[in-house]
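Notes to accompany the following structure.
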Amino acid sequence: MLGNLPEIKTVKLKLNDIDVNCYLAGESGSPVILLHGAGVDSARISWSEVIGFLSKKHRVFAPDLPGYGDSDKPNVEYSLSFYIDILKQIMDSLHLEKTNLVGLSLGGGLSLGYTLEYPDRVEKLVLVGAWGLFSKLPYHLLSYWYTKSFLNELSYKWSSKSRRFVKWTLLNSLFGNPNNVPEELVDEIYASLQAPHAGKAFMSFQRSEITRTGLRTKLAERLSEINKRTLIVHGSKDTTVPIKHALEAHKAFKDSEIYVMKGCKHWSQKERPEEFTRVITRFLGKE
Numbered sequence: 002m003l004g005n006l007p008e009i010k011t012v013k014l015k016l017n018d019i020d021v022n023c024y025l026a027g028e029s030g031s032p033v034i035l036l037h038g039a040g041v042d043s044a045r046i047s048w049s050e051v052i053g054f055l056s057k058k059h060r061v062f063a064p065d066l067p068g069y070g071d072s073d074k075p076n077v078e079y080s081l082s083f084y085i086d087i088l089k090q091i092m093d094s095l096h097l098e099k100t101n102l103v104g105l106s107l108g109g110g111l112s113l114g115y116t117l118e119y120p121d122r123v124e125k126l127v128l129v130g131a132w133g134l135f136s137k138l139p140y141h142l143l144s145y146w147y148t149k150s151f152l153n154e155l156s157y158k159w160s161s162k163s164r165r166f167v168k169w170t171l172l173n174s175l176f177g178n179p180n181n182v183p184e185e186l187v188d189e190i191y192a193s194l195q196a197p198h199a200g201k202a203f204m205s206f207q208r209s210e211i212t213r214t215g216l217r218t219k220l221a222e223r224l225s226e227i228n229k230r231t232l233i234v235h236g237s238k239d240t241t242v243p244i245k246h247a248l249e250a251h252k253a254f255k256d257s258e259i260y261v262m263k264g265c266k267h268w269s270q271k272e273r274p275e276e277f278t279r280v281i282t283r284f285l286g287k288e
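So for the sequence shown, our numbering puts the first residue at 2; every next one is plus one.
This is the structure we're talking about:
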């Protein structure tokens with residue numbers, strides 16, 4: 002995927018004792034950091050169709066967050082504060098004083114948390130099905146008990162044994178149109194589930210951030226504090242982060258736009274990458 006696109010480079014960033022894999026593309030323009038989602042995601046899975054298009058007008062950086070992809074998977078608590086610190090180290094290592102952040106799901110929550118903590122280092126925000134636009138999950142108490150139970154870990158083991166189940170999950174939760182799910186993607190995610198630590202980082206994140214009464218890190222309550230120009234991109238059929246949260250967030254931000262990807266679910270950037278990239282490129286290019 003990434004390897005088929007022109008001028009995609011890979012670097013290893015040494016952040017204290019953690020090696021972080023990062024893809025780089027583009028020679029000019031304002032910097033953009035692409036932050037992937039959770040589960041068995043990675044920079045490659047989330048952004049392979051997007052990074053090449055974006056690099057025509059921007060310097061693009063797409064790291065595998067620790068616990069994902071080709072980055073280290075240390076035995077730590079994968080909390081939101083851990084990832085905020087990692088993002089700061091990534092920017093320092095890449096000598097980026099200020100950047101645009103494009104965050105999907107978990108990456109969206111990380112973008113929000115980072116902007117609240119380091120506002121002077123963020124230019125613009127793009128949030129895609131973002132974690133943190135809500136204060137509670139759908140069926141929150143049930144979700145809380147599930148993340149604490151053995152069933153959470155067992156679900157990854159079950160998924161790793163059934164390619165058919167992986168494809169069903171993509172159709173059920175991530176893609177609105179079944180014709181947009183390439184078999185190569187099913188194979189890639191199925192292969193990722195075979196890794197020894199598949200799901201480790203996300204299970205740790207869930208147990209850290211999901212409490213009995215709500216989310217530990219209160220992002221939704223602080224959206225009005227963010228004064229960066231923000232674009233919310235959201236699938237109209239997203240069941241992971243229902244669109245009502247995107248609409249509520251749009252009202253809460255001081256300066257935001259919203260673009261609804263009609264018919265898409267949680268992975269609009271993969272389902273219709275050309276439309277997605279066109280929308281965010283236009284937004285990032287505005288004065």
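Beta carbons: idealized from backbone N, C-alpha and C, even for Gly.
Please return the same chain residues whose Cβ sits closer than 7 Å to the Cβ of residue i, not counting the five positions on each side in sequence.
i, result
"Y191", "R164 and V167"
"A199", "V41, Y157, S161 and S193"
"A247", "L134, I233, H235 and I259"
"H251", "I233, S257 and I259"
Can residue i and residue j be called in contact, C-beta distance under 8 Å?
i, j, result
"H267", "S106", "yes"
"T241", "G130", "yes"
"E160", "L194", "Note on identity: in this sequence residue 160 is Ser, with Glu being the wrong assignment. A contact, by the Cβ cut-off of 8 Å."
"P64", "A44", "yes"
"N178", "E272", "yes"
"M262", "F284", "no"
"L113", "L220", "yes"
"I9", "I52", "yes"
"E189", "I281", "no"
Could you give the distance in angstroms between the alpha-carbon of residue i and the alpha-carbon of residue j?
i, j, result
"L81", "K89", "13 Å"
"R230", "V127", "9 Å"
"I227", "I87", "21 Å"
"E78", "Y84", "10 Å"
"V12", "Y69", "15 Å"
"E28", "H37", "22 Å"
"G133", "Q207", "12 Å"
"S209", "T218", "9 Å"
"L25", "A202", "23 Å"
"H141", "G110", "17 Å"
"L55", "K125", "15 Å"
"K238", "L14", "37 Å"
"K137", "L117", "20 Å"
"D93", "L186", "33 Å"
"I244", "P197", "34 Å"
"D73", "S205", "15 Å"
"D18", "R223", "32 Å"
"Y300", "L66", "This structure cannot settle anything about residue 300, because the visible part of the chain is limited to 2 through 288."
"N181", "C23", "27 Å"
"W169", "E184", "12 Å"
"R279", "F151", "42 Å"
"Y115", "G215", "20 Å"
"G104", "K149", "26 Å"
"D20", "L95", "14 Å"
"W48", "Q270", "7 Å"
Apart from the five residues on each side of it in sequence, which residues of its chain come closer than 8 Å, Cβ to Cβ, to residue i?
i, result
"G286", "K58"
"L172", "P179 and V182"
"S225", "A253, F254 and K255"
Keeping to the same chain, check which residues put their C-beta closer than 6 Å to that of residue i; ignore five residues upstream and five downstream.
i, result
"P32", "R60, L97 and T100"
"L175", "K266, H267 and W268"
"I34", "F62, T100 and L102"
"Y145", "I211 and R213"
"L16", "Q90"
Tell me, which residues are paired with residue i by DSSP?
i, result
"C265", "Partner(s): none; C265 has no beta bridge."
"L232", "V127 and E258"
"D20", "K15"
"I211", "L216"
"K10", "L25"
Let me see if you follow: with CB-CB separation under 8 Å, is residue i close to chain D or not?
i, result
"L248", "Of the protein chains in this structure there is only one, and it is not chain D."
For this session: Report the residue ranges of all alpha helix (DSSP H) runs contained in full by the segment 59–99; include only those spanning at least 4 residues, in chain order.
Result: Counting whole runs of 4 or more residues, the segment 59–99 contains the alpha helix (DSSP H) stretches 81–94.
Problem set entry | Every unbroken alpha helix (DSSP H) within the segment 98–178, with a cutoff of 4 residues, ordered by chain | Scanning the segment 98–178 for uninterrupted alpha helix (DSSP H) segments of 4 residues or longer gives 107–118, 141–149, 151–160 and 164–170, listed from N- to C-terminal end.
Exercise. Of all the alpha helix (DSSP H) runs that stay within the bounds of the segment 22–51, which reach a length of 4 or more residues?
Worked result: The qualifying runs are 44–48.
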